[in-house]
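Residues 0 to 243 (numbering that gives the first Met the number 0) are what the sequence shown spells out, left to right.
Below: one structure, written as structure tokens.
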Amino acid sequence: MADDCFGHPRLAAIYDPLDPDRSDLDAYLRMAEEFGANQVLDIGCGTGVFALLLADRGMDVVGIDPAQASIDVARAKSGSERVRWICGDATALPPLQVDLATMTANVAQAITGPDTWHKTLRGAYEALRPGGHLVFETRDPARRAWEEWTRENSYRVTEIPGVGSVETWVQLIEVSWPLVTFRSTYIFAADGQVLTSDSTLRFREREEIETDLVAHGYVVQDVRDAPDRPGREFVFLARRPDPQ
Numbered sequence: 000m001a002d003d004c005f006g007h008p009r010l011a012a013i014y015d016p017l018d019p020d021r022s023d024l025d026a027y028l029r030m031a032e033e034f035g036a037n038q039v040l041d042i043g044c045g046t047g048v049f050a051l052l053l054a055d056r057g058m059d060v061v062g063i064d065p066a067q068a069s070i071d072v073a074r075a076k077s078g079s080e081r082v083r084w085i086c087g088d089a090t091a092l093p094p095l096q097v098d099l100a101t102m103t104a105n106v107a108q109a110i111t112g113p114d115t116w117h118k119t120l121r122g123a124y125e126a127l128r129p130g131g132h133l134v135f136e137t138r139d140p141a142r143r144a145w146e147e148w149t150r151e152n153s154y155r156v157t158e159i160p161g162v163g164s165v166e167t168w169v170q171l172i173e174v175s176w177p178l179v180t181f182r183s184t185y186i187f188a189a190d191g192q193v194l195t196s197d198s199t200l201r202f203r204e205r206e207e208i209e210t211d212l213v214a215h216g217y218v219v220q221d222v223r224d225a226p227d228r229p230g231r232e233f234v235f236l237a238r239r240p241d242p243q
């Protein structure tokens with residue numbers, strides 16, 4: 000199930016204005032060009048920001064996400080007809096042959112269950128053409144990012160056109176290694192409604208992820224730094240090998 004920040008219609012509608020800086024996607028756009036990708040599968044596409052950036056560059060894009068409310072926001076955007084939107088996850092994909100599959104932002108870590116994680120890697124592998132790439136990021140556990148997830152560090156008030164003022168903050172709830180749970184709170188000034196969304200991320204060591212990728216047939220081509228968050232994340236580039 001999707002977290003309420005993606006699955007609740009009122010929260011999905013303000014997801015983009017609350018996080019307008021998506022410079023984290025620049026590295027993924029460069030990799031799509033680096034690999035000469037024409038067909039892309041965006042796993043956990045959310046409100047469709049990255050999928051539409053790819054479509055703007057002439058790529059054939061499939062965006063899949065388990066949150067219907069986020070898919071609805073994506074479908075309402077200009078140019079959305081150029082993307083094939085699917086409400087679901089990578090464990091049950093239609094037949095595809097893509098050059099590139101991506102999981103941007105926290106998507107990989109939001110897949111917390113080991114069984115679902117392995118089915119996602121398998122689903123992405125089957126969707127790739129031979130020689131195609133899977134690219135995703137995950138936070139380096141050694142940086143202990145959750146220690147910064149406090150109300151003091153995250154409180155802000157955002158003015159959103161057509162919505163009004165919205166207060167937001169995040170608060171760490173529990174660390175039950177390797178799972179970390181935090182709560183996002185939203186207060187709408189227009190009517191005083193308070194909504195919360197609990198999210199759990201799984202922190203995986205680099206070696207664990209490399210082992211999982213190899214076990215599912217991938218070749219780990221590279222592990223890069225995230226340009227916008229140097230030293231904080233691993234960006235995995237895995238390839239489905241060509242037939243021997």
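Don't be surprised by glycine CBs; every beta carbon is placed ideally from N, CA and C.
This one's a predicted model, so the numbers in the text were calculated from it and none came from an experiment.
Would you kindly report the start and end of the unbroken alpha helix (DSSP H) that includes residue i?
i: residue 80; result: Here residue 80 belongs to no alpha helix (DSSP H), and DSSP marks it neither H nor E.
i: residue 36; result: It is not in any alpha helix (DSSP H) - residue 36 carries neither H nor E in the DSSP assignment.
i: residue 15; result: 14 to 17
i: residue 206; result: 205 to 214
i: residue 163; result: Not the alpha helix (DSSP H): residue 163 falls in the beta strand (DSSP E), residues 163 to 175.
i: residue 146; result: First-last for residue 146: undefined, no H or E at that position.
i: residue 150; result: 150 to 153
Would you call residue i buried or exposed, if buried means 16 or more other Cβ atoms sit within 10 Å of its Cβ?
i: residue 122; result: buried
i: residue 210; result: exposed
i: residue 57; result: exposed
i: residue 102; result: buried
i: residue 154; result: exposed
i: residue 191; result: exposed
i: residue 136; result: buried
i: residue 230; result: exposed
i: residue 82; result: buried
i: residue 178; result: exposed
i: residue 203; result: buried
Using a Cβ-Cβ cutoff of less than 6 Å, which residues in the same chain neighbour residue i once the five nearest sequence positions on both sides are dropped?
i: residue 130; result: 241
i: residue 163; result: 188 and 189
i: residue 118; result: 90
Below 7 Å CB to CB, which residues in the same chain sit around residue i once its five sequence neighbours on both sides are set aside?
i: residue 70; result: 64, 84 and 86
i: residue 44; result: 50, 62, 63, 64 and 73
i: residue 159; result: 13, 16 and 165
i: residue 168; result: 150, 153, 154 and 184
May I ask which residues mark the beginning and end of the beta strand (DSSP E) holding residue i?
i: residue 132; result: 127 to 138
i: residue 232; result: 232 to 238
i: residue 181; result: 178 to 187
i: residue 22; result: Careful: residue 22 lies outside any beta strand (DSSP E) and carries neither H nor E.
i: residue 10; result: No beta strand (DSSP E) holds residue 10; the alpha helix (DSSP H) holding it covers 8 to 11.
i: residue 199; result: 193 to 201
In this structure, what does DSSP give as the bridge partners for residue i?
i: residue 100; result: 40 and 133
i: residue 110; result: Bridge partners of residue 110: none, in fact.
i: residue 190; result: Partner(s): none; residue 190 has no beta bridge.
i: residue 223; result: 234
i: residue 157; result: 165
i: residue 86; result: 64
By Cβ distance, which residues of its chain are closer than 8 Å to residue i, with the 5 residues on each side in sequence left out?
i: residue 205; result: 139, 222 and 233
i: residue 237; result: 132, 133, 134, 212, 217, 218, 219 and 220
i: residue 54; result: 60, 78, 81 and 82
i: residue 24; result: 48, 49, 52 and 103
i: residue 208; result: 137, 233 and 235
Discussion item. I'd like the ranges of any alpha helix (DSSP H) spanning at least 4 consecutive residues and lying wholly in the segment 50 to 77.
Written reply: Counting only runs of 4 or more, we get 67 to 74.
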